[in-house]
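Visitor:
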Amino acid sequence: IFFRARILPTMEGPQFAAFETEYLRPKYEEMEASRRRLRSSAFMVALVSVLAMAAFMFVGRESAPSEDWYATVLKQVQGMRNPRYKCHTTEGDFVIELFLDTMPLTASNFMDLAETGFYNGIHFHRIIDNFMIQFGCPYARHHRHPWAGTGGPPASTTFKVANSYSVTRDEQGCIPDEFQSYISNVAGTLAMANKGDPNSGGSQFFINTVNNHHLDWWRHDLSASQHPVFGRIVEGWNTIRKISKMLTDNKHSPIKPIRMISVTRVA
């Protein structure tokens with residue numbers, strides 16, 4: 022516009038016609054073509070973005086369980102026979118029953134770890150007489166490792182809940198808290214160990230050797246601890262009592278190595 026305002030007053034009619042034909046009109050057509058290309062590019066970018074978002078939402082709906090997946094799992098496990106696992110240790114054997122029918126997520130986490138051999142070769146790393154014995158930290162593959170009690174499963178690994186829905190452990194190998202069943206921490210039960218923070222349980226669990234009601238996840242009147250129970254000892258209580266009475270150092274680490282040789286499903 023500036024160019025035309027400065028040039029046009031100096032041109033006669035024939036001169037302007039020639040100038041317009043040779044210069045202005047091609048420039049105008051070039052500008053219009055450029056604008057059309059820009060509008061076309063913007064439209065394609067917007068279209069690709071919309072299609073990508075639609076594809077993402079579609080894939081997400083197909084691959085992720087619905088919001089009520091847990092309720093569906095609870096219905097599926099009703100009436101199922103709870104699995105049992107034999108724990109073969111250097112101090113004897115014991116058998117545990119997992120409460121798959123009422124605690125499917127936590128029980129399935131244990132089943133996955135046991136059946137992939139995760140627990141084999143790990144030592145019991147914490148024993149407190151008249152309280153509990155603790156197990157399941159991968160650092161405890163080495164007896165009295167200084168980091169024993171701080172480890173868990175590999176990050177972002179996936180397991181099936183009741184052979185149905187997939188659950189992915191977080192970047193620290195932890196699973197969601199399963200505050201579902203009001204099963205108390207009585208003697209002989211298995212409960213999830215955690216760091217005291219929400220959703221911080223992974224592979225570690227403890228066996229209550231006495232009644233520890235203050236550890237129940239719903240007993241806020243007794244303590245802030247929240248440890249859901251997901252199994253119980255059904256055979257080999259003498260082995261549990263033997264382990265619970267073994268000598269420890271001042272950090273409750275057993276002096277003598279107590280190693281889990283294997284964890285095998287028996288029912």
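Numbering (the numbering used here), first residue to last: 22 to 288.
C-beta: ideal position from N, C-alpha, C; glycine also.
Predicted model only: the values in this text are computed from it and were never measured.
1. Am I right that Arg147 and Gly170 are in contact with their C-beta atoms under 8 Å? What's the rounded C-beta distance?
2. Which ranges would you report for the beta strand (DSSP E) in the segment 108-132 if only whole runs of at least 3 residues count?
3. Can you grab the Cα-Cα spacing for the pair Ile204 / Leu126, in whole Å?
4. Identify the continuous alpha helix (DSSP H) that holds Val98 and give its terminal residues.
5. Identify which residue in Asn184, Thr179, Trp238, Asn141 has its Cα closest to the Cα of Lys251.
6. Give me the residue from Lys96, Leu121, Ile282, Asp242 with the minimum Cα distance to Arg102.
7. Are the Cβ atoms of Ala208 and Asn232 separated by less than 7 Å?
8. Which value, in whole angstroms, describes the spacing of the CA atoms of Tyr160 and His248?
9. By Cβ distance, which residues of its chain are closer than 6 Å to Val284, with the 5 residues on each side in sequence left out?
10. What's the gap between the Cα of Gly194 and the Cα of Glu51?
11. Hey, Phe115 and Glu256 are a contact pair by Cβ (cut 8 Å); roughly how many whole angstroms apart?
12. So Arg147 is in the alpha helix (DSSP H); what residue range does that whole segment cover?
13. With a threshold of 6 Å on Cβ separation, who are the neighbours of Asn220 within its own chain once the five nearest residues in sequence on each side are excluded?
14. Closest to Asp218 by CA distance: which of Leu236, Lys277, Ser246 is it?
15. Thr178 lies in the beta strand (DSSP E); which residues open and close that run?
16. Would you call Ala214 buried or exposed, if buried means 16 or more other Cβ atoms sit within 10 Å of its Cβ?
17. Since I believe Met153 is in contact with Phe200 (beta carbons under 8 Å), could you give me their beta-carbon distance rounded to a whole number of angstroms?
18. Let me know if Leu236 comes out buried or exposed under the rule of 16 or more other beta-carbons within 10 Å of its beta-carbon.
19. Sort out for me which residues DSSP pairs Ala212 with in a bridge.
20. Could you tell me if Ile276 is buried or exposed, where buried requires 16 or more neighbouring beta carbons within 10 angstroms of its beta carbon?
21. By a C-beta neighbour count over all protein chains shown, 10 Å radius and 16 as the cutoff for buried, is Glu118 buried or exposed?
22. What does the alpha-carbon distance come out to for the pair Ala176 and Glu53?
23. From this set, Asp133, Pro104, Thr111, Thr137, which residue's C-alpha is nearest Thr123's C-alpha?
Guide: Looking at the atomic coordinates:
1. By one-based count along the sequence shown, residue 147 stands at place 126. By one-based count along the sequence shown, residue 170 stands at place 149. Sure, about 6 Å apart at Cβ, within 8 Å.
2. Fully enclosed beta strand (DSSP E) runs of 3 or longer: 113-119.
3. Start at 1 with the first residue of the sequence shown, and residue 204 comes out as number 183. Start at 1 with the first residue of the sequence shown, and residue 126 comes out as number 105. Near 15 Å, if we compare the C-alpha coordinates of Leu126 and Ile204.
4. In the sequence shown, the residue the question calls residue 98 occupies position 77. The continuous alpha helix (DSSP H) containing Val98 extends over residues 90-98.
5. For this step, residue 251 is matched to residue 230 along the sequence shown. It is Phe, not Lys, that sits at residue 251 in the sequence shown. Checking every option, the nearest Cα to that of Phe251 belongs to Trp238.
6. Looking up residue 102 in the sequence shown gives position 81. The option with the nearest alpha carbon to Arg102 is Leu121.
7. As a position in the sequence shown, residue 208 is number 187, starting the count at 1. As a position in the sequence shown, residue 232 is number 211, starting the count at 1. Closer than 7 Å, so yes.
8. Position 139 of the sequence shown, counted from the first residue, corresponds to residue 160. Position 227 of the sequence shown, counted from the first residue, corresponds to residue 248. Looking at the two C-alpha atoms, the distance is approximately 22 Å.
9. Position 263 of the sequence shown, counted from the first residue, corresponds to residue 284. Beyond the five residues adjoining it in sequence on each side, Val284 comes within less than 6 Å, by CB distance, of Tyr106, Cys108, Ala135, Tyr140 in the same chain, given in chain order.
10. Locating residue 194 in the sequence shown gives position 173, where the first residue counts as 1. Locating residue 51 in the sequence shown gives position 30, where the first residue counts as 1. Our two residues, Gly194 and Glu51, have alpha carbons roughly 60 Å apart in a direct line.
11. For the purposes of this step, residue 115 is taken as the residue at position 94 of the sequence shown. For the purposes of this step, residue 256 is taken as the residue at position 235 of the sequence shown. About 6 Å separates the Cβ atoms of Phe115 and Glu256, confirming a contact at the 8 Å cut-off.
12. On the sequence shown, residue 147 is found 126 positions in, with the first residue counted as 1. Where Arg147 is concerned, there is no enclosing alpha helix (DSSP H), although the beta strand (DSSP E) it sits in stretches over 147-149.
13. Within the sequence shown, the letter at position 199 stands for residue 220. Correct list, in chain order: Cys195, Pro197, Asp198.
14. In the sequence shown, residue 218 corresponds to position 197, counting from 1. Ranking Leu236, Lys277, Ser246 by Cα distance to Asp218 puts Ser246 first.
15. Counting from one through the sequence shown, the residue named residue 178 turns up at place 157. Careful: Thr178 lies outside any beta strand (DSSP E) and carries neither H nor E.
16. The sequence position of residue 214 within the sequence shown is 193, counting from 1. Under the 10 Å beta carbon count, Ala214 is surrounded by 16 or more other beta carbons and is classified as buried.
17. Mapped onto the sequence shown, residue 200 falls at position 179. Mapped onto the sequence shown, residue 153 falls at position 132. About 20 Å separates the two Cβ atoms, so there is no contact after all.
18. Start at 1 with the first residue of the sequence shown, and residue 236 comes out as number 215. Of the other Cβ atoms in all chains shown, 16 or more fall within 10 Å of the Cβ of Leu236; this residue is therefore buried.
19. Locating residue 212 in the sequence shown gives position 191, counting from the first residue. Answer is Phe227, Val250, bridged to Ala212.
20. As a working note, residue 276 is residue 255 in the sequence shown. Per the 10 Å Cβ criterion, exposed.
21. Locating residue 118 in the sequence shown gives position 97, where the first residue counts as 1. Per the 10 Å Cβ criterion, buried.
22. Counting from one through the sequence shown, the residue named residue 176 turns up at place 155. Counting from one through the sequence shown, the residue named residue 53 turns up at place 32. Straight-line spacing of the CA atoms in Ala176 and Glu53 works out to 55 Å.
23. As a position in the sequence shown, residue 123 is number 102, starting the count at 1. Of the candidates Asp133, Pro104, Thr111, Thr137, the one whose C-alpha sits nearest the C-alpha of Thr123 is Pro104.
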